[in-house]
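Student: A single structure is presented below for examination.
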Ligand SMILES: [Zn+2]
């Protein structure tokens with residue numbers, strides 16, 4: 004009999020940029036810098052942002068309805084058109100309702116200015132500050148300000164030197180306990196934003212007076228001209244959304260439409276205008292990559308015997324990879340990104356190969372394999388391969404690795420030379436037949452090769 008059971012499919016929490024370090028990986032979340040700006044802005048400034056957002060979005064929608072050639076926005080307004088044709092106050096109320104529901108307080112929005120960040124100080128290179136929490140500090144003794152530390156937010160010849168980050172908030176704590184990962188949360192981001200925006204006039208030491216700040220994602224200004232050939236055609240490129248518009252896009256997406264932060268971050272990662280140009284270069288050089296922090300595993304009503312078989316197979320696959328000398332990476336990555344089969348995958352690597360275990364409840368387990376150093380980097384052009392993973396079995400095909408954004412050759416493989424549990428065999432056979440119809444010789448050879 005079916006029952007609700009935890010599957011091996013991973014539910015993602017955040018998407019962001021990973022820097023591997025000895026002292027624990029650094030995980031930079033784009034939305035942190037948008038929320039950092041919301042924390043810093045006064046309610047009046049944010050209301051002006053809403054008015055700008057309404058103007059921008061309604062102009063775009065008008066062009067679209069008139070049949071003009073406009074690009075599809077990353078944050079479409081579908082179903083929420085009413086928000087464009089009302090008083091800004093109404094939009095503010097809708098966002099505030101969502102913020103209150105999620106955080107139990109309006110703190111994210113209602114503070115702003117110097118009140119949002121207290122006791123900010125930067126010494127030789129370390130920044131310390133107290134940043135307003137987003138949550139309600141109602142419990143006795145609990146803080147409404149978090150202490151943050153950051154060494155160093157400064158720019159060292161265009162490069163970051165992020166060695167140490169600390170915040171008292173849940174995001175920060177959760178990253179450390181889960182994977183020994185240091186997360187750049189909204190509070191640390193707000194402090195970095197403040198330092199960048201103030202040109203070090205507010206918080207400074209004479210040693211750091213003249214130093215620039217290394218801001219990975221910029222929701223404050225647009226210091227860099229973007230190479231238009233880089234911009235994905237589904238972004239409104241005639242109007243690269245300015246910071247005000249993008250911040251309200253993020254807020255309405257997170258708090259009115261209740262989109263997942265994972266998806267919002269994936270969208271922001273597609274916008275070249277917000278990137279520090281040196282961050283782009285570091286990704287191109289393979290010194291940083293895109294990863295996923297996971298929330299938990301998905302539960303589903305199903306036959307428990309099937310799920311036990313899947314777990315057994317997963318254990319066999321993991322053991323085999325470790326025996327072969329592969330190393331399990333701490334940060335998960337995406338496979339089949341931006342398709343209906345997008346999956347958060349544990350990654351195993353050795354010097355030459357990257358292998359990911361793909362556990363998705365829509366199809367039986369497979370793994371993907373690709374060469375580590377292969378290919379040109381292409382971060383922003385949209386490349387979507389809408390073929391089903393099982394239609395790509397056992398042959399090398401070209402795709403873009405979501406982790407490195409390199410174009411290279413990938414293979415999708417059924418775990419072979421393993422003890423595939425009996426209950427899974429007919430399911431594999433069904434999928435192979437479905438996606439390779441009519442190809443009887445290939446299919447039977449293939450099934451034999453895979454011990455099916
Ligand atoms: Zn924090």
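Numbering (my numbering), first residue to last: 4 to 455. Glycine residues also receive a C-beta, built at the ideal position from the N, C-alpha and C atoms.
1) Fully enclosed by the stretch 296 to 350, which beta strand (DSSP E) runs are 3 residues long or longer?
2) In whole angstroms, give me the CA-to-CA distance for residue 12 and residue 346.
3) If you pair each beta-carbon of the stretch 49 to 68 with each one of the stretch 83 to 102, do three or more pairs fall below 8 Å?
4) Look up residue 193 in the DSSP assignment and say whether it is helix, strand or coil.
5) Which residue or residues does DSSP assign as beta-bridge partners of residue 31?
6) Just grab the DSSP bridge partners of residue 1 for me.
7) Is residue 179 near ligand 1, in the sense that its beta carbon is under 7 Å from a heavy atom of that ligand?
8) Where do the ends of the alpha helix (DSSP H) carrying residue 443 lie?
9) Quick one: what's got a C-beta closer than 7 Å to residue 257's C-beta in the same chain, skipping five residues either side?
10) Find out if the Cβ-Cβ distance for the pair residue 223, residue 200 is shorter than 8 Å.
11) Determine whether the beta carbon atoms of residue 370 and residue 418 lie at a separation below 8 Å.
12) Do residue 170 and residue 191 have their CB atoms nearer than 8 Å?
13) Can you round the beta-carbon distance between residue 291 and residue 282 to whole angstroms, since I take them to be within the 8 Å contact cut?
14) Where do the ends of the beta strand (DSSP E) carrying residue 182 lie?
15) Between residue 113 and the rest of its own chain, which residues show a CB-CB distance below 7 Å, the 5 nearest in sequence each way excluded?
16) Please identify the residue among 14, 35 and 26 whose C-alpha is closest to the C-alpha of residue 20.
17) Using the C-alpha atoms, what's the distance from residue 135 back to residue 374?
18) Using DSSP with H/G/I as helix, E/B as strand and the rest coil, what is residue 9?
19) Going by alpha carbons, who is nearest to residue 426 out of 310, 436, 79 and 416?
20) Confirm, please, whether the CB-CB distance from residue 154 to residue 536 is below 8 Å.
21) For residue 154, which three-state DSSP category applies?
22) Could you say if the stretch 284 to 300 and the stretch 326 to 336 meet the contact criterion of at least three C-beta pairs nearer than 8 Å?
23) If contacts are defined as beta-carbon pairs under 8 Å, then residue 400 and residue 435 qualify, I think. What distance do you get, rounded to the angstrom?
24) With DSSP run on the structure shown, which of helix, strand or coil describes residue 72?
25) For the beta strand (DSSP E) that contains residue 133, what are its first and last residues?
26) Comparing alpha-carbon positions, which option in 186, 248 and 24 lies nearest residue 41?
27) Tell me the rounded alpha-carbon separation between residue 456 and residue 331.
28) Report all residues from its chain with a CB closer than 6 Å to the CB of residue 414; omit the five preceding and five following residues, and keep chain order.
29) Could you have a look at residue 359 and say whether DSSP puts it in helix, strand or coil?
30) When you compare only the Cα positions, how much space is there between residue 432 and residue 149?
31) Smallest Cα separation from residue 44: which of 179, 250, 215 and 27?
32) Helix, strand or coil for residue 59, going by three-state DSSP, please let me know.
33) Is the beta carbon of residue 175 within less than 7 Å of some heavy atom of ligand 1?
34) What's the C-alpha gap between residue 277 and residue 441?
35) Out of 82, 25, 376 and 397, which one is the CA nearest neighbour of residue 406?
36) Would you report the Cα separation of residue 29 and residue 22, rounded to the nearest angstrom?
Tutor: Taking the definition as stated:
1) 336 to 338 and 346 to 348
2) Counted from its first residue, the chain shown places residue 12 at position 9. Counted from its first residue, the chain shown places residue 346 at position 343. Each residue's alpha carbon lies about 8 Å from the other.
3) yes
4) For this step, residue 193 is matched to residue 190 along the chain shown. Residue 193 falls in the helix class under three-state DSSP.
5) By one-based count along the chain shown, residue 31 stands at place 28. 20 and 187.
6) Shown here, the chain extends from 4 to 455; a query on residue 1 therefore has no answer.
7) As a position in the chain shown, residue 179 is number 176, starting the count at 1. Residue 179 Cβ: outside cutoff for every heavy atom of ligand 1.
8) For the purposes of this step, residue 443 is taken as residue 440 along the chain shown, with counting starting at 1. 443 to 452 is the extent of the alpha helix (DSSP H) around residue 443.
9) Working through the chain shown from its first residue, we reach residue 257 at position 254. So the list reads 264 and 267, once near-sequence residues are dropped.
10) In the chain shown, residue 223 corresponds to position 220, counting from 1. In the chain shown, residue 200 corresponds to position 197, counting from 1. Closer than 8 Å, so yes.
11) Numbered from 1 along the chain shown, position 367 holds the residue referred to as residue 370. Numbered from 1 along the chain shown, position 415 holds the residue referred to as residue 418. It is a contact, given that the beta carbons lie within the stated cut-off.
12) The count along the chain shown starts at 1 and reaches residue 170 at position 167. The count along the chain shown starts at 1 and reaches residue 191 at position 188. Yes, the Cβ-Cβ distance between residue 170 and residue 191 is below 8 Å.
13) In the chain shown, the residue the question calls residue 291 occupies position 288. In the chain shown, the residue the question calls residue 282 occupies position 279. The pair is a contact, with the Cβ atoms about 7 Å apart (cut-off 8 Å).
14) As a position in the chain shown, residue 182 is number 179, starting the count at 1. Looking at the DSSP string, residue 182 is not in any beta strand (DSSP E); the run it does join, the alpha helix (DSSP H), is 173 to 182.
15) The residue you call residue 113 lines up with position 110 of the chain shown. These residues qualify, in order along the chain: 46.
16) For this step, residue 20 is matched to residue 17 along the chain shown. Considering only alpha carbons, the answer is 35.
17) Taking the chain shown and counting its residues from 1, the one referred to as residue 374 is at position 371. Taking the chain shown and counting its residues from 1, the one referred to as residue 135 is at position 132. Between residue 374 and residue 135, the C-alpha separation is close to 45 Å.
18) On the chain shown, residue 9 is found 6 positions in, with the first residue counted as 1. Looking at residue 9 - three-state DSSP - the assignment turns out to be strand.
19) Taking the first residue of the chain shown as position 1, residue 426 is located at position 423. Out of 310, 436, 79 and 416, 310 has the C-alpha closest to the C-alpha of residue 426.
20) This structure cannot settle anything about residue 536, because the visible part of the chain is limited to 4 through 455.
21) Walking along the chain shown from the start, residue 154 turns up at place 151. Three-state DSSP puts residue 154 in a strand.
22) yes
23) Position 397 of the chain shown, counted from the first residue, corresponds to residue 400. Position 432 of the chain shown, counted from the first residue, corresponds to residue 435. That pair is no contact at about 17 Å.
24) In the chain shown, residue 72 corresponds to position 69, counting from 1. It is coil, neither helix nor strand.
25) Reading the chain shown from its first residue, position 130 is the one you call residue 133. From DSSP, the beta strand (DSSP E) with residue 133 extends over 130 to 135.
26) Your numbering for residue 41 matches position 38 in the chain shown. Residue 248 is the option with its Cα nearest to residue 41.
27) Residue 456 is absent from the model: the chain starts at 4 and stops at 455.
28) Locating residue 414 in the chain shown gives position 411, counting from the first residue. These residues qualify, in order along the chain: 372 and 399.
29) Along the chain shown, read from residue 1 onward, the residue named residue 359 stands at position 356. It is a strand residue.
30) Position 429 of the chain shown, counted from the start, is the residue given in the question as residue 432. Position 146 of the chain shown, counted from the start, is the residue given in the question as residue 149. Cα-Cα distance, rounded: 55 Å.
31) Start at 1 with the first residue of the chain shown, and residue 44 comes out as number 41. Nearest of 179, 250, 215 and 27 to residue 44, Cα basis: 250.
32) On the chain shown, residue 59 is found 56 positions in, with the first residue counted as 1. Here residue 59 sits in helix by DSSP.
33) Counting from 1 along the chain shown, the entry for residue 175 is found at position 172. Yes; taking the cut-off as 7 Å, the Cβ of residue 175 has a heavy atom of ligand 1 nearer than that.
34) Translated into positions along the chain shown, residue 277 becomes position 274. Translated into positions along the chain shown, residue 441 becomes position 438. Taking the straight line from one Cα to the other gives about 49 Å.
35) By 1-based counting over the chain shown, the position of residue 406 is 403. Nearest option by C-alpha distance: 376.
36) Numbered from its first residue, the chain shown carries residue 29 at position 26. Numbered from its first residue, the chain shown carries residue 22 at position 19. Roughly 5 Å separates the two Cα atoms.
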